[in-house]
Amino acid sequence: MKFASAIAAFLILLAPVARAEESITRTHALAEFTTPKYAEGFPRFDYVNPDAPKGGGVVTAEPGSFDSLNSIILRGQVPRSIGLISDSLFVSSGDELEVVYGLIAETAEYPEDKSWVVFNLRPEAKFHDGHPVTAADFVFGWNAIEQHGRPFLKSFLEDVEKVEALEEHRLKVSFKTRGEMKPLIRAASILSPEPEHWWTADGRDIGKTTLEPPLTSGPYRVKAVDPGRSITYERVADYWGADLAVNIGQNNFDTVRTDFYRDDDVMFEAFKGGAYDFRQENRAQRWTSGYDIPQIKDGRIEKRAIANERPFGAQGIRFNMRRPQFSDPKVRLALAYLYDFEWLQKNILYGQYRRVKSNFPNSEFGASGPPTPAELEILEKYRGRVPDEVFTTAYEPPSTDGSGNNRDNVRKAMALFRQAGYETRDNKLVNAKTGQQMRIEFLDDNQSMVRVMQPYVTGLQRVGIDANIRIVDSAQHQARTDDFDFDAVMVFFNFFPPPGTEQRSYFGSAAADVKGSANYAGIKDPVVDALIEEVIAARDYDKLQATSRALDRVLLWQHAMIPQWYNDQTWIAYWTKFGWPDRKPRFDTGFPSTWWSKEEKAASR
């Protein structure tokens, strides 16, 4: 009887544990607002060729330069291609948004409130020197991000509270949030192992720039570095993860070299001459007429326009509102009236682009038309603190008929300038109180932008503004934008749908004065801050959509940006030495990850 009672008591004690265990989700994939396309045990992604041949090489190109291979810290410029050498806990699928599948981590476990996640690391994962990847390496990497990380990188991990090694191959990440999946996905996608045994040896410092090839665990390693000019990667023959489902049919080139060019025209000429193999075009004039060349006609080079379903970030001219002349929204709207996009589209952009009308273009999260009832419900509590138009009017940037006759918009602009305290004296637009002429310097690091910006600058000069374009090298551009040392800058914001914590870095007050943040305009608005937090806290898709659109409306009516353009196609050109799968990823070109070399054609260049 005592034995039976003891057993009963024991079972009662176990019951809460059993219920707790039942509430833990263990999964091969993490997804927000959707069901993962690929079930547990899937053999490969659908958009790869599992029999793709390995071998050969590919040469790519990037504009600008580089002076560091440490991608964690703010200082230094790193090659965009540096991601080839690293692995993360989970990796995204090119067919889905906000869905990731296990790479270094085989599975993830999390409770119903999503206050933490435990990643179960694959024991076979190893660095290129043979050392195993352990949970401690992720803790070391996280500590480096906390101490030295770029503000933008930190913004994606803002909700991480703690990273700890439970066991050699069990990593726990705890969050400040509750009930949100996005922080788990961000942590799984961004956290990479940094080998403490390597970084702490031979005087290395993870908080400093370096051109020494870092020790990593990815499918490629750095083979050669010509600082500022070229970097070459080689495929790791015994890469530990080569046979994982997320890697089958990918990483097919033996070598990948990236060359750097400071001038875009020189870079294009180098492509035509065979100096590199693949190019993504971003100039309408060149795409329309610049590829009328023998290499295209005889089939040595091919060009393709690929429909792009991926949501875009917003490209626009951001005014530095930290500077007094841009603090008044009337001035910013006046400057928008002087921007003749329609003429630019007809005469310089060859009609190839779409006008940006949202901070989240080509997505379900951007505002369009008048606000919906769901949006109005969110916005109502901010009435009186935002422009009245937010509640009644669909945002449309000032437009023209494209003829070049912009008199009506010039009149509207001059009226707004007068309301803001400016007047014309001796053909100069000056502050009526101080007599100081309005001056605007547009900062960029791409000489090709002069062609598309000069008509706007000329129009500003006609109304008495001392306007000019300043082209600097990429290192100076980064330094000046990091320090917010500019009047106006042309910026493309990457958009990682759905919107989340990165919006704090783009538009939040706390980021406005943080060196290196992405809040270029210096927006400091409690309403924007509150809406960002509502976006982050949204628990269902409909609520997230409505809140994101409400945020978008408030931002647009601040006139902190002159919206420019986006392309709903991806333009690519390449030497015909490649093969690729029958289908591409839905949200990507698949290059270079799923392509392969046809060496028999390479010699014909």
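All letters in the sequence shown, in the order written, are residues -20 to -1, 1 to 585 by mature numbering (1 follows the signal peptide of the UniProt record, and there is no 0).
By construction, the Cβ of each residue, glycine as well, lies at the ideal position given by its N, Cα and C atoms.
Just so it is clear, the structure is predicted and the values come from calculations on it, not from any experiment.
Assigned exposure category for residue i - 16 Cβ within 10 Å defines buried
i, result
"P378", "buried"
"E138", "buried"
"L49", "buried"
"Y521", "exposed"
"K142", "exposed"
"residue 588", "Since the first and last residues shown for the chain are -20 and 585, residue 588 lies out of range."
"Q399", "exposed"
"N339", "buried"
"A498", "buried"
"L146", "exposed"
"V246", "exposed"
"V202", "buried"
"P506", "exposed"
"A(-6)", "Caution applies to A(-6), whose pLDDT of 40 falls short of 50 and renders its modelled position unreliable; the value that the coordinates give is listed next. Exposed, since its Cβ has fewer than 16 Cβ neighbours within 10 Å."
"G253", "exposed"
"P207", "exposed"
"S197", "buried"
Close beta carbons around residue i, own chain, < 8 Å, minus the five adjacent residues each side
i, result
"G502", "N300, M301, R302, F464, A492, D493"
"K188", "N50, I53, R55"
"M433", "F422, D424, I449, M470"
"residue 587", "This structure gives no information on residue 587, because the portion of the chain shown stretches from -20 to 585."
"I445", "L409, Q417, M418, R419, I420"
"D453", "G44, S45, R242, D425"
"F132", "E482, S485, G496, S497, A498"
Inter-residue CB distance, residue i and residue j (contact presumed, cutoff 8 Å)
i, j, result
"A347", "R529", "4 Å"
"F487", "L535", "6 Å"
"P561", "Y27", "6 Å"
"A124", "V113", "That belief does not hold up - the Cβ atoms of A124 and V113 are roughly 16 Å apart, past 8 Å."
"residue 588", "P565", "Outside the shown range of the chain (-20 to 585) lies residue 588, about which nothing can therefore be said."
"V226", "Y90", "That belief does not hold up - the Cβ atoms of V226 and Y90 are roughly 20 Å apart, past 8 Å."
"S343", "P291", "3 Å"
"H108", "I186", "Contact flag wrong, Cβ pair sits at about 17 Å."
"D467", "S489", "No, D467 and S489 are not in contact; Cβ-Cβ is about 21 Å, not under 8 Å."
"Q325", "G382", "7 Å"
"R334", "D548", "6 Å"
"T550", "T569", "6 Å"
"T238", "P59", "6 Å"
"K337", "Y362", "So it is not a contact: roughly 21 Å between Cβ atoms."
"H539", "P309", "5 Å"
Residues of its chain near residue i, where Cβ-Cβ distance is below 7 Å and the 5 sequence neighbours each way are ignored
i, result
"G159", "D93, K94, R519"
"V205", "L191, P193, I211"
"T87", "R6, T7, H8, N100"
"E369", "W537"
"N411", "G401, Y402"
"G121", "L171, S172, P173, E174"
"Y330", "A264, Q265, T268"
"E360", "none"
"R431", "I328"
"F306", "F299, N300, R312"
Contacts around residue i, its chain only, beta-carbon distance under 6 Å, and the 5 residues preceding and following it disregarded
i, result
"I(-14)", "Low confidence applies to I(-14): its pLDDT is 37, below 50, so where it sits in the model is not reliable, and the reading given next is rough at best. Once the five neighbours on either side are set aside, I(-14) has no close Cβ partner at all."
"residue 598", "Lying before the first or after the last residue shown, residue 598 is absent from the chain, which here runs from -20 to 585."
"Q544", "Q295, G296, V336"
Any non-hydrogen atom of the ligand NAD closer than 6 Å to residue i Cβ
i, result
"A447", "Looking at this structure, you won't find the ligand NAD or any other ligand, since it has none at all."
Requested in this report: Please determine if the stretch 20 to 40 and the stretch 224 to 235 are in contact, where contact requires at least 3 C-beta pairs separated by less than 8 Å.
Outcome: yes
Requested in this report: Scan the stretch 191 to 249 and note each continuous alpha helix (DSSP H) run of 4 residues or more that stays entirely inside, going in chain order.
Outcome: none
Query raised in the report: Would you call the stretch 251 to 260 and the stretch 56 to 67 in contact, with 3 or more CB pairs under 8 Å?
Result: no
Query raised in the report: What residue ranges within the stretch 99 to 170 form continuous alpha helix (DSSP H) runs of no fewer than 4 residues, ordered along the chain?
Result: 115 to 128, 131 to 136, 162 to 170
Query raised in the report: Whole alpha helix (DSSP H) runs in the stretch 472 to 552 with 4 or more residues, listed along the chain?
Result: 482 to 487, 506 to 517, 521 to 536
**Report entry** Complete runs of the alpha helix (DSSP H) confined to the stretch 408 to 449 [at least 4 residues]
**Finding:** 429 to 442
**Report entry** the stretch 353 to 361 / the stretch 307 to 317 touching (three or more Cβ pairs under 8 Å)
**Finding:** no
Query raised in the report: Which runs of the beta strand (DSSP E) fall wholly inside the stretch 20 to 88 and span at least 3 residues, in chain order?
Result: 37 to 43, 70 to 72, 79 to 82
Report task. Pick out the complete alpha helix (DSSP H) segments inside the stretch 325 to 379, 4 residues or longer, and give them in chain order. Result -> 353 to 359, 369 to 372
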